[in-house]
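Just so you know, we're using the working numbering here: the sequence shown kicks off at 649 and counts up by one.
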Amino acid sequence: MDKRSGKDGVSVDWILDLINPGTSPSQLTHIYDQICTKYDKNAASLNYEGPAIAAEEIARMIPEEQRQQVRVLDVAAGTGWVGSQLHQKGFTNIDAVEPSGGMMNILNNTGVYTRKYQEFIGFGQCTVAKDSYDVVVVCGSLCRGHIPVEGINYMIQVAKPGGLVVILMRKECLLTAEEYKDKLEAHMDHLQKTNVWQKEVKKTVANYFCGKEGTVFIYRVL
């Protein structure tokens, strides 16, 4: 995988380099607890534009006059970049799911999240109430060693009928990562064929991360 560095010499895969095949969810949480204080600086040095793109795509789908009433769940919310970007666009009812306590502590300081769930999506029981959210968004966490394909089912579960599931990821992860190659889109298509959701958007976006392309999926839950 590309080992180019950001402006501060940070590897493109500075997080993925810490993850080995078979890394468990608890081990992954520990990794994020260890790196949480430098996460924002390193991600910024790599020109991580995913959260801004996510907010723009969601704002495109939700009229401005409705944004304060819309309930949003930010999945694998990290330090709160997506929520902060959404808040700037008028969304004020935002909750978060984030398994790392260290990342959650930084997220709390943003002041934009109402309810916080410290847990994984896609591993075991989800405590987030079903049919609760108008928008469920995940940005950047469909990558090696993170959310499994089955995590999509949990996102659908917590979305309201008619709600949106918004997924942003590196295009290269979609095409080459063992977890997702020939699996993620096949599962998405199966969910559409079985009338679980309907695809609204699939597109490639430029400058998602470190100048690389990203892929945006938006589905409406039926």
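Ideal Cβ placement from N, Cα and C applies to all residues, glycine included.
| field | Selection from Val718, Val784, Lys819, Cys791 that minimises the alpha carbon distance to Ile804 | value | Start at 1 with the first residue of the sequence shown, and residue 804 comes out as number 156. Measuring from the Cα of Ile804, the nearest candidate turns out to be Val784.
| said: Assuming Gly811 and Asp782 are in contact, meaning their beta carbons sit under 8 angstroms apart, how far apart are those beta carbons, in whole angstroms? | reply: If you number the sequence shown from 1, residue 811 lands on position 163. If you number the sequence shown from 1, residue 782 lands on position 134. Between Asp782 and Gly811 the Cβ distance is about 5 angstroms, and since that is below 8 angstroms, they are a contact.
| message | Can you list, in chain order, the residues of its chain with a C-beta nearer than 6 angstroms to that of Val776? Leave out the 5 residues immediately preceding and following it. | response | Here residue 776 corresponds to residue number 128 of the sequence shown, with the count starting at 1. Correct list, in chain order: Tyr765, Val806.
| message | Let me make sure I understand the geometry here. Which of Gly793, Val844, Pro669 has the alpha-carbon closest to that of Tyr802? | response | Counting from one through the sequence shown, the residue named residue 802 turns up at place 154. Nearest of Gly793, Val844, Pro669 to Tyr802, Cα basis: Val844.
| request: Could you tell me if Gly772 is buried or exposed, where buried requires 16 or more neighbouring beta carbons within 10 angstroms of its beta carbon? | output: What you label residue 772 is simply residue 124 of the sequence shown in a count that begins at 1. Exposed, by the Cβ-count rule.
| task | Give the DSSP bridge partners of Tyr687, in chain order. | result | Taking the sequence shown and counting its residues from 1, the one referred to as residue 687 is at position 39. When beta bridges are read from the DSSP output, Tyr687 appears opposite no residue.
| query | From Ile769 to Cys821, what distance separates their C-alpha atoms? | reply | In the sequence shown, the residue the question calls residue 769 occupies position 121. In the sequence shown, the residue the question calls residue 821 occupies position 173. Distance between the alpha carbons of Ile769 and Cys821: 19 angstroms.
| field | Tyr761 - DSSP class collapsed to helix/strand/coil | value | Locating residue 761 in the sequence shown gives position 113, counting from the first residue. Here Tyr761 sits in strand by DSSP.
| Around the Cβ of Arg708, are there at least 16 other Cβ atoms within 10 angstroms (buried) or fewer (exposed)? | Within the sequence shown, the letter at position 60 stands for residue 708. Label assigned to Arg708: exposed.
| Based on the DSSP secondary-structure assignment, which residues constitute the bridge partners of Ala744? | In the sequence shown, residue 744 corresponds to position 96, counting from 1. By DSSP's assignment, Ala744 forms a beta bridge with Asp722, Lys764.
| request: Let me know the secondary structure DSSP gives Arg792 once reduced to three states. | output: Here residue 792 is taken as the residue at index 144 of the sequence shown, counted from 1. Coil, per DSSP.
| field | Residues near Phe865 in its chain [Cβ-Cβ closer than 6 angstroms; skip 5 each side] | value | For this step, residue 865 is matched to residue 217 along the sequence shown. If we look at Phe865 and ignore the five residues flanking it on each side, its Cβ neighbours are Ile815, Lys850.
| What's the gap between the Cα of Leu832 and the Cα of Ala744? | As a working note, residue 832 is residue 184 in the sequence shown. As a working note, residue 744 is residue 96 in the sequence shown. Spanning the two alpha carbons is a distance of roughly 23 angstroms.
| field | N-terminal and C-terminal residue of the alpha helix (DSSP H) that Asp782 is part of | value | If you number the sequence shown from 1, residue 782 lands on position 134. First-last for Asp782: 781-787, but that is the beta strand (DSSP E), not the alpha helix (DSSP H).
| query | Who are Tyr867's beta bridge partners in DSSP? | reply | Walking along the sequence shown from the start, residue 867 turns up at place 219. Tyr867 is bridged to Val813, Lys847.
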